[in-house]
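In our numbering, the protein residues as written are 103 to 390.
In this text, a Cβ means the ideal position worked out from N, Cα and C, and glycines have one as well.
See structure below.
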């Protein structure tokens, strides 16, 4: 796909960095900011998470290539040494040497999407062409190419899950303790409106478990055990480790299991949760 990317000439740059444009490489003559990859990406007009950078350690001349996320469309090239000459063949060989299956493996795709959700800057218009999205329901789209479902809110990516509705954390836990995952799913299905939402809850719980200090030996497990015997690892993180949580995220993860006690105050199990005027968790208090 890169056979006609560049004309046959060679290219040089005083900084060793080029912008790919049409059939040429345009030298970047002055390093922006601190000269980091992020500074370079921003100087080209992209949010830092909208380009995917691959470091090519084995390539003789090229240090890194930056492409539009979820594609192989070249945007930037950085050489290992300034003033080094580079040709079309150098770029093509490097591109062809990259393991793109690994670059866009499920774990890496999840990392890219998670970053976009945190940055709130992955719109439907941006993702539709690069992920070949097809509409599956209201605000719900599927990428068959990357095997994920994407949920949007006001056309901004809000959440996602794999096409089999299990993320990497759930697959990890399922391989270790499938019965635990099954029990978590059974409880989620009891309270959520659809399988997608139930499995999204399980995915967030398994993510929380993987980020939980001391894992299943955490000292707060029994304080967050539901009537069904499952543990809310999510609630442990937001209660005892001050992980930020929005009121919408809280309601999603505790749907059907919280009591609204007034204003923005909710009770789940042994704890009261109070949210501020911005809809963010302000404090939690143990009650008995």
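Other residues of its chain near residue i: CB distance less than 7 Å, five sequence neighbours each side excluded
i           : result
residue 388 : 372 and 373
residue 241 : 253, 254 and 255
residue 51  : This structure cannot speak to residue 51, because the chain is shown only from 103 to 390.
residue 379 : none
8 Å Cβ cutoff met for residue i and residue j
i           : j           : result
residue 65  : residue 269 : The structure shown does not extend to residue 65, since the chain spans only 103 to 390, so no value can be given for it.
residue 155 : residue 168 : yes
residue 338 : residue 326 : yes
residue 283 : residue 276 : yes
residue 174 : residue 118 : no
residue 340 : residue 287 : no
residue 200 : residue 163 : no
residue 353 : residue 294 : no
residue 301 : residue 267 : yes
residue 308 : residue 363 : no
residue 113 : residue 134 : no
Rounded C-alpha distance that separates residue i from residue j
i           : j           : result
residue 361 : residue 369 : 5 Å
residue 278 : residue 202 : 29 Å
residue 213 : residue 366 : 32 Å
residue 296 : residue 144 : 40 Å
residue 299 : residue 251 : 11 Å
residue 120 : residue 172 : 21 Å
residue 166 : residue 261 : 30 Å
residue 184 : residue 116 : 6 Å
residue 146 : residue 349 : 36 Å
Residue i: first and last residue of the uninterrupted beta strand (DSSP E) it sits in
i           : result
residue 255 : 250-255
residue 155 : 153-157
residue 369 : 367-370
residue 198 : Here residue 198 belongs to no beta strand (DSSP E); instead the alpha helix (DSSP H) covers 190-199.
residue 389 : It is not in any beta strand (DSSP E) - residue 389 carries neither H nor E in the DSSP assignment.
Cutoff 8 Å; reference residue i; Cβ partners in own chain excluding five residues on either side
i           : result
residue 170 : 152, 153, 154, 177 and 232
residue 140 : 150
residue 158 : 164, 165, 166, 167, 196, 199 and 200
Sequence-distant residues of its chain with Cβ nearer than 6 Å to residue i (five each side left out)
i           : result
residue 311 : 335
residue 198 : none
residue 223 : 149
Residue i, enclosing alpha helix (DSSP H) - first and last residue
i           : result
residue 220 : 208-221
Whole alpha helix (DSSP H) elements within the region 260-304, 4-residue minimum | 270-278 and 280-293
Ordered list of beta strand (DSSP E) runs contained in the region 131-181, each at least 3 residues = 153-157, 164-170 and 176-181
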